[in-house]
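In my numbering, the protein residues as written are 13 to 191. Just below is one structure, and these are the notes that go with it.
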Amino acid sequence: MLLTYRNQLLKGMQQYPSYSRTQIRKCFPKEYTYLYSHDKVWLFEKLPIIQEKKNNKAIVDWASRDREYCSKVEKLYKELIELDKPVRITISNIGKRLEILSNLEKHLDKLPQTKKLLFETTESTQQFQIRRCCKIIDRILQRQEPVVLWKVQRIGAVKSHHFHEIEPYLEKYLRTKQE
Numbered sequence: 013m014l015l016t017y018r019n020q021l022l023k024g025m026q027q028y029p030s031y032s033r034t035q036i037r038k039c040f041p042k043e044y045t046y047l048y049s050h051d052k053v054w055l056f057e058k059l060p061i062i063q064e065k066k067n068n069k070a071i072v073d074w075a076s077r078d079r080e081y082c083s084k085v086e087k088l089y090k091e092l093i094e095l096d097k098p099v100r101i102t103i104s105n106i107g108k109r110l111e112i113l114s115n116l117e118k119h120l121d122k123l124p125q126t127k128k129l130l131f132e133t134t135e136s137t138q139q140f141q142i143r144r145c146c147k148i149i150d151r152i153l154q155r156q157e158p159v160v161l162w163k164v165q166r167i168g169a170v171k172s173h174h175f176h177e178i179e180p181y182l183e184k185y186l187r188t189k190q191e
């Protein structure tokens, strides 16, 4: 049995000379296990030399990536602000659209300029509600219709208790637009 397994393993290693130890073990599990248990010295003499593990971790230039992300975020921010149907500007939304969400979540501390820009450009729910309602007011004024705040609230889909919080901002915005 010992000689049979030795011969089978040697034939396999001749048949696949480029295979590593792991690949040989996967191709000949029965023979490898038996020889490992009963003739380990012979097995390790005949197996190929242990290959050094390759370090696949590429060194990242975070400074250049930071500059790249900054320009992409600025460009996307301008596009999002100009959309007809407003979208809330969040780190998650920006990250998903630029396909960099993982880096923003895990490595934002390595991207100081991007981090600063994100905190300047992202908006809270209340800020988004105000921006959305201001766009609605602009559309109503463009059509030269009278602006009634309850209609703005309904079109903007803002709940009453939230609308009472943003109403002073909207009134101020409306006064500046009508002047």
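Backbone N, C-alpha and C fix where the C-beta goes; we use that ideal spot for every residue, glycine too.
query	result
When the distance is taken between beta carbons, is leucine 59 closer than 8 Å to arginine 18?	no
Nearest-angstrom Cα distance between valine 85 and histidine 173?	33 Å
Cutting at 6 Å between CB atoms, please list the residues of its own chain near cysteine 145, excluding the five before and the five after it.	Val164, Gly168, Leu182
For the alpha helix (DSSP H) that contains aspartate 78, what are its first and last residues?	74 to 94
Going by the beta-carbon positions, is the gap between glutamate 43 and leucine 21 smaller than 8 Å?	yes
In whole angstroms, give me the CA-to-CA distance for glycine 107 and glutamate 191.	39 Å
With DSSP collapsed to three states, give me the class of methionine 13.	coil
Would you mind reading off the limits of the alpha helix (DSSP H) that contains glutamate 116?	Reading the sequence as shown, one finds leucine at residue 116 and not glutamate. Unbroken alpha helix (DSSP H) run through leucine 116: 113 to 118.
Can you name, in chain order, every residue of its own chain whose Cβ lies under 7 Å from the Cβ of serine 114, other than the five neighbours on each side?	none
Would you kindly check if the distance between the Cβ of isoleucine 142 and the Cβ of isoleucine 178 is under 8 Å?	yes
Kindly indicate which residue of Val160, Arg151, Gln125, Lys69 has the alpha-carbon position closest to the one of arginine 77.	Gln125
Mind checking whether leucine 95 and leucine 110 have CB atoms under 8 Å apart?	no
Taking C-alpha atoms, which residue in Phe40, Leu47, Ala75 lies nearest to aspartate 121?	Ala75
Please identify the residue among Val99, Thr137, Leu130, Thr16 whose C-alpha is closest to the C-alpha of arginine 79.	Leu130
DSSP state of phenylalanine 131, grouped into three classes?	helix
Using three-state DSSP, classify proline 41 as helix, strand or coil.	helix
Could you name the residues of the same chain whose beta carbon sits closer than 8 Å to that of glutamine 138, not counting the 5 residues immediately before and after it, in chain order?	His174, Glu177, Ile178
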